[in-house]
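Under our numbering, the first residue of the sequence shown carries the number 461, and numbering increases by one thereafter.
The C-beta atom is built at its ideal place from N, Cα and C for all residues, glycine as well.
Scroll down for the structure; my scribbles are underneath it.
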Amino acid sequence: TELLKYAVDKNCKVCLLGDFNTHTGRKEYVVRRSHYSSESLQLSKEIKQNLTLYDLDALGICNKRLSLDKSVDNYGNRLLLLCKALNLLIANGRLFKDKNIGALTCKESTVVDYCIMSPELFTNILDFEILPYDPMLSDVHNAIYIEMSSKDTCMPVVENINVDIDDSSVVTKCKWENDKYHEFNDCIDEAVIHSIVVKLEEIDTDLIDNIVVNSIVDECNSLILQAASKCDLLLEKKVIRKVDNSLKKKKG
Numbered sequence: 461t462e463l464l465k466y467a468v469d470k471n472c473k474v475c476l477l478g479d480f481n482t483h484t485g486r487k488e489y490v491v492r493r494s495h496y497s498s499e500s501l502q503l504s505k506e507i508k509q510n511l512t513l514y515d516l517d518a519l520g521i522c523n524k525r526l527s528l529d530k531s532v533d534n535y536g537n538r539l540l541l542l543c544k545a546l547n548l549l550i551a552n553g554r555l556f557k558d559k560n561i562g563a564l565t566c567k568e569s570t571v572v573d574y575c576i577m578s579p580e581l582f583t584n585i586l587d588f589e590i591l592p593y594d595p596m597l598s599d600v601h602n603a604i605y606i607e608m609s610s611k612d613t614c615m616p617v618v619e620n621i622n623v624d625i626d627d628s629s630v631v632t633k634c635k636w637e638n639d640k641y642h643e644f645n646d647c648i649d650e651a652v653i654h655s656i657v658v659k660l661e662e663i664d665t666d667l668i669d670n671i672v673v674n675s676i677v678d679e680c681n682s683l684i685l686q687a688a689s690k691c692d693l694l695l696e697k698k699v700i701r702k703v704d705n706s707l708k709k710k711k712g
């Protein structure tokens, strides 16, 4: 309830993404707040009063949501009640390559993984897709690919502070490109994966320590970075650290 109150008070836009372990089928619901849905979710009076309703047609959002999974369970009904009460929408089956489809997300038989958003965020979505199953990413789940735009925010100007560049460094960051999905998979070194698996199988859980864990994590990171480098998915960015001169003078 505290999280919901904060989101409403600050007018935050919400995006929930992941495995909800619920089945909602093709069940329709209108984004209107009702006494029943609000009371069943035990929303406070303050939250209910501040919630805003939206015109889906005006936002270009499909009212009808399709899904290849037609089953609905109790948890699915409760999830839909939550969406009703908070004016959230399930993006699955409504956007881009998944529009009018609602592709399966688990074991090639059900939809339990969702992207649920505030209606206003739909206009920020640039791409949406349920990717083919990949055992390297999950045991049974398909990955949800979503590309979202954001607006630059101007930081407030702070007066009377002299700032000098103290030093700088170059950091390497990954920038994912969905078009290189298959190329990236092909660049993963299977021999390294096998080596890591052997080490994991040989670990004595009674004697394991942070050094061993960190070593294996480093190997996994290196494996991913090497594949990303081969696919030109790595970017070098110069980071400049700025220091307040006034603080330096005080310390002196």
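Residue 565 holds the alpha-carbon nearest to the alpha-carbon of residue 594 among 470, 580, 565, 586. The closest CA to that of residue 592, considering only 583, 532, 534, 557, is found on 557. DSSP places residue 691 outside both helix and strand once states are collapsed to three, so it counts as coil. Residue 576 sits close to residue 551, with the two beta carbons spaced by under 9 Å. 9 Å or more divides the Cβ of residue 606 from the Cβ of residue 563. In this structure, the CA atom of residue 569 is about 27 Å from the CA atom of residue 640. In the DSSP annotation of this structure, the continuous segment of the beta strand (DSSP E) that includes residue 589 starts and ends at 585-590. Exposure of residue 630 is indicated by the presence of fewer than 16 other C-beta atoms within 10 angstroms of its C-beta. The region 507-569 contains, as complete alpha helix (DSSP H) runs of 4+ residues, the segments 534-546 (chain order).
The C-alpha of residue 660 is placed about 14 Å away from the C-alpha of residue 670. DSSP, read as helix, strand or coil, puts residue 640 in helix.
By DSSP's assignment, residue 634 forms a beta bridge with 694. Exposure of residue 466 is indicated by the presence of fewer than 16 other C-beta atoms within 10 angstroms of its C-beta. In the structure shown, the three-state DSSP call for residue 578 is coil. The shortest C-alpha to C-alpha distance from residue 596 to any of 540, 480, 697, 680 is the one to 680. Linking residue 635 to residue 524 through their CA atoms gives a straight-line distance of about 34 Å. The three-state reading of DSSP puts residue 609 in coil, since its state is none of H, G, I, E or B.
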